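Everything below concerns the one structure shown next.
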Amino acid sequence: MSLDPATVRRIARLARIHLDEAEVPRLQDELNSILGWIEQLNELDVADIAPLTGPAQMALKMREDRVTDGGIRDAILANAPDRAGEFFVVPKVVE
Amino acid sequence: MLTDLTLAEASAGLADRRFSAAELTEAHLAAIAALNPRLNAYITLAEDSARAEAAAADAARARGEAGPLAGIPLAIKDLFCTEGLRTTAASRILGNFIPPYESTVTANLRRAGAVFLGKANLDEFAMGSSNMTSAFGPVENPWKPRGDAAAKLVPGGSSGGSAAAVAARLALGATGTDTGGSIRQPASFCGIAGIKPTYGRCSRWGIVAFASSLDQAGPFARTVQDCAILLGAMAGHDPKDSTSADRPVPDFAAACTRSLKGMRIGIPREYRAPGMSGAIEALWQRGLDWLRAAGAEPVEVSLPHTKYGLATYYIVAPAECSSNLARYDGVRFGLREEGTDLTQLYERTRAAGFGAEVRRRILIGTYVLSAGYYDAYYLKAQKVRALIHRDFTDAFGKVDALLTPTAPSAAFAQGANMDDPVQMYLNDVFTVPASMAGVPAMSVPAGLDADGLPLGLQVIGRPFDEETVFAVAAAIEREAGFDARPAIRAGVTP
Amino acid sequence: MSYVIEGSTGAWEVVIGLEVHAQVVSQAKLFSGAATAFGAEPNTQVSFVDAAFPGMLPVINRECVAQAVRTGLGLGAHINLVSRFDRKNYFYADLPPGYQISQYQHPIVGAGVIEIELGDGSTKSIGVTRLHLEQDAGKSLHDQHPTKSYIDLNRAGVALMEIVSEPDLRSPEEAGAYLRKLRTILRYLGTCDGNMEEGSMRADVNVSVRRHGEPFRTRCEVKNVNSVRFVMQAIEVEARRQVEIWEAGGAVDQETRLFDAARGITRSMRSKEEAHDYRYFPDPDLLPLVLDEAWVATLKAALPELPDAKRRRFMDEYGLPFYDSAVLVAEQATADFYETIARGRDAKLAANWVMGDLFAALNRTGRTIETSPVSAAALGALLDLMADNTINGRIAKEVFEAMVDTGEAPGAIVERKGLRQVTDTAAIDEAVTAVLAANPEKLAEYRSGKEKLFGFFVGQVMKAMAGKGNPALVNAALKRQLG
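Protein chains in written order, with my numbering: chain E, 943 to 1037; chain L, 46 to 539; chain G, 31 to 513.
Laid out in structure tokens, this is it:
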């Protein structure tokens, strides 16, 4: 599998990373070189193998239903690049 | 010199009142002032708070309430969120982020009485093997090839600043994180010890995430025992991290003196990669001889899927990172580049905020998870990961620990391997499999190559059996008698 | 009679599936310890986890899991003892981490069924495909500033159950009945308050149309419809829109649409125009959710009687017709109210009073069953006064109105107003005699065969006795005197 320029643009768009058109060819080369190298996994037959998501071999622990957090609006907003009063602010979103 | 002490020696000196925590911290701050402008091991210094913490440690000791790390000056990888102290992940995108909270690991260290000298440099978001991707500039490895004092080598990565700081005596120890080798490879490059404990041993809460199923915090120090002492303070169950293991923390330091008699040490034949340098091959053989001398029995074992580890890693880690780094969007914290609409704000902010390697990995990760490719890449990688995990399980049915080289080379020059991402990724070939399996692994300095640069050996253990790892690593340390020191270090201005 | 849309080229069947997002009743959020209460000041119920600060990690709330299991059990569904959380990746201003934690491949609850009741008294089984747990997003306020949207994260991370139906619904009425029934079940279980105004139940409606007997055609998803009435309207207008497109020779595009209630139309969602690629993958911050079978059994044992079982019991135990039972069990509080009255009394009479006079009074006074001005005990006491002939039915209505107005006990009202019914046969005979004497013409007509006038005389006697005559005794006295 090899990426074409349109696919590079599409995944950059999905990842919300702006690309200058001039960057596309170089990125395309780099990504294809990485993906080409990854192709070596095709040597393996893994049809009957159960996938492993992570190394932790245990079940999920659950916490009790108690309010232990929140009420820290100032801290939540303190690092915001733009805010209006008690809100975060972004350019207007049209649904 | 106070900066030349091991952590254990410094603790003893503080306990015996031979010097104060304030003096110990001042000595390190002075060394940092002298050398950090050149080495760039620290991104942010915390002189004032460090002095206050040292004074508090002295006061606590006077009251008889000194914690196990009271007054011990440490470097903290700038991936750990520290309350009130800027945390950058070596990225522009975090801007001037001041965390309003303290990571569990650093909170544990603070509780033990440690003094934080500052935040150590790293590859941006811990993505790299050279510390060259930091938005705050590269770190210079304090070691110099014999006869080339002008050479600038990388300290390894991603925890390059932590490793360089400890090697150059700018801290007694440091925290690091290891996702595919980010503690072990820089430890090897900088001639110090470093351990990636079992996945789940240290809480990930408050550590800027790179790849959640792989990230694990661990310590650097100049001795195996110092690493054991630090890990004992860092580790422990944390209910705030669902993947944190609810297990007691053993006395790691005590394990360093365990006998290896009757222990079986596996030598994985697949690590004998073609093209391995003679120096590394020879060092590995010497390591075996040392362990045999210490009473252990070397056994050849097979980890058949070793060669697939890296390719698997470069699917899993970018996939997770592409999702973990979605939160850096210019809305709630960090850098923001304005746009006419929300999408443009996102795209500009993330293009300006992330460096080339981070962007590359996000794009790879986005691609391998995208519709139509998930099965071919991500799902396949998870299955190969299961095979790698099984390799280790099988091997540990036969042996108590594994011995391998840490890295395929010694430290290389700044700027080398930069044009070819795959070549750079190959640095992690020996460290990645243990990361994929979540097992503990430690690099211990074992010798020098022909250029006089340090090389490490890697000891890999069973899940949650860091004690055996420490025992084996300590035996190698004793037998190797590694006493070389870097050209650039506190008190020595070449 | 099945629902069809008559187009210019013939009849069309409507195919509907519903995805209901039900907010889980819990104190704290699904993966953080921040509160879930409605209506708090902006951004006050937000933790660093909810705002996706660097290094923050999710830890699951046991009660949210229990609520999902209870709901699954209440829908007679299969509980998956092992389920998993996935990340659904997309960028949005009110989604701080850039992904929603949801259950994509392995939901906590599998297939179940909901029985809906239709207006003609029939029932229909609607398949539930699955139920899974996921996080809610925050709220974007678009009306605070001309060029900016404001973000409130109070709702971000609150637990939702997404309950997905099979495409088994065939009319707006069925969809409405499904939603109402689901709401009733959730409220019985106490797993969701069902409050659509506050957004704690929202529906995405999948609509397609087809000719009878055809396979399914392309469907559209109408997002975030927040009342039963709007769901029914949205289906109607969306189905008509699609019929027009097909009949004009066009093809319906699979897309996400919004229901504009003010204009009574659906329209394409601009923000969703771009093709989504959610890149689901297992959340590496979480481990598989493994449920203990014994714990599930404990939850099952503690489930309340559910509406279908209660309705059947009301029919069996109280001899009520289907319709009455269905109305009375729609709300747990109403059913409890009814049972308090019905136990040991005339159950059908009790049902008539609750569904008639009581509901009318609640409507009139703007109260609910929980805040009813007449308690179940008081209404029961009123029925007792009828049963022991202290008052008759007509007077009971008067007493009931006084109870609504004053809150007084029925016995006290009867005594204060002197409404006790007259059973003294001499007094009744006396009233009958006087009425007959006062109406000689009517009496003559009656005697000449106009027997319908009997009712007239009953009315006159009751009037003369201020309504308090015992109806049976009045009838008897009249019959006797009229010969």
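The beta-carbon is built from N, C-alpha and C at its ideal position, and this holds for glycine as well.
From a predicted model like this one, the values you see are computed outputs, not experimental measurements.
As assigned by DSSP and simplified to three states, the class of residue i
i	result
Thr101/G	helix
Ala55/L	helix
Lys340/G	helix
Ala533/L	The residue you asked about is not Ala; residue 533/L is Ile in the sequence shown. Residue state, collapsed to three classes: coil.
Pro466/L	helix
Lys493/G	helix
Gln261/L	strand
Val255/G	strand
Asn500/G	coil
Asp234/G	strand
Met31/G	Confidence in Met31/G is poor, its pLDDT being 47 and thus under 50, which makes the residue's placement unreliable; the coordinate value appears in the next sentence. In the structure shown, Met31/G sits in coil (DSSP, three-state: anything other than H, G, I, E or B).
Leu289/L	Strictly speaking, residue 289/L in this sequence is Ser, with Leu absent from that position. Looking at Ser289/L - three-state DSSP - the assignment turns out to be coil, as it is neither helix nor strand.
Asp459/G	helix
Ile433/L	helix
Asp61/L	coil
Lys169/G	strand
Ala458/L	strand
Glu392/L	helix
Gln511/G	helix
Thr351/L	helix
Asn91/G	strand
Pro127/G	coil
Leu11/G	The structure shown does not extend to residue 11/G, since chain G is modelled only from 31 through 513, so no value can be given for it.
Glu315/L	helix
Ser62/G	coil
Option nearest residue i by Cα separation, candidates the options
i	options	result
Ala567/L	Met481/L, Pro187/L, Leu74/L, Asn166/L	Absent from the structure is residue 567/L, since the part of chain L shown begins at 46 and ends at 539.
Lys352/L	Glu68/L, Ala535/L, Met481/L	Met481/L
Leu348/L	Arg435/L, Pro293/L, Asp386/L	Arg435/L
Thr101/G	Ser32/G, Leu125/G, Thr214/G, Tyr122/G	Thr214/G
Ile46/G	Thr153/G, Tyr33/G, Asn236/G, His172/G	Asn236/G
Asn515/G	Lys169/G, Gln174/G, Val194/G	Lying outside 31 to 513, the shown extent of chain G, residue 515/G is not represented and no answer is given.
Tyr33/G	Glu203/G, Asn505/G, Arg249/G, Gly386/G	Glu203/G
Ser368/L	Val504/L, Gly492/L, Gly410/L	Gly410/L
Pro130/L	Ala105/L, Pro113/L, Leu162/L, Thr222/L	Here the sequence assigns Leu to residue 130/L, which means Pro is not the residue at that position. Checking every option, the nearest Cα to that of Leu130/L belongs to Leu162/L.
Ala442/G	Thr420/G, Val462/G, Phe486/G, Ala461/G	Thr420/G
Asp49/L	His73/L, Ser227/L, Phe378/L	His73/L
Arg63/L	Leu47/L, Tyr146/L, Glu382/L, Ser203/L	Leu47/L
Gly379/L	Gln389/L, Pro144/L, Val413/L	Pro144/L
Arg430/L	Pro947/E, Val1032/E, Arg1008/E, Ala992/E	Ala992/E
Cβ neighbour criterion (16 or more within 10 Å) applied to residue i
i	result
Met308/L	buried
Asn225/G	exposed
Phe246/G	exposed
Val211/L	buried
Ser944/E	exposed
Met279/L	buried
Pro334/G	exposed
Arg297/G	exposed
Asn984/E	exposed
Lys443/L	exposed
Arg117/G	buried
Ala91/L	buried
Proximity below 8 Å, CB of residue i to CB of residue j
i	j	result
Arg449/G	Glu431/G	Reading the sequence as shown, one finds Leu at residue 449/G and not Arg. No, the pair does not count as a contact, with Cβ atoms beyond the cut-off.
Trp335/L	Glu512/L	no
Ile265/G	Ala205/G	yes
Ala165/L	Arg137/L	no
Gly263/L	Gly221/L	yes
Lys241/L	Ala486/L	yes
Every unbroken beta strand (DSSP E) within the stretch 93-144 of chain L, with a cutoff of 3 residues, ordered by chain: 118-122
Sequence ranges, beta strand (DSSP E) only - wholly within the stretch 210-260 of chain L, length at least 3: 218-223, 238-241
Whole alpha helix (DSSP H) elements within the stretch 949-1011 of chain E, 4-residue minimum: 966-980
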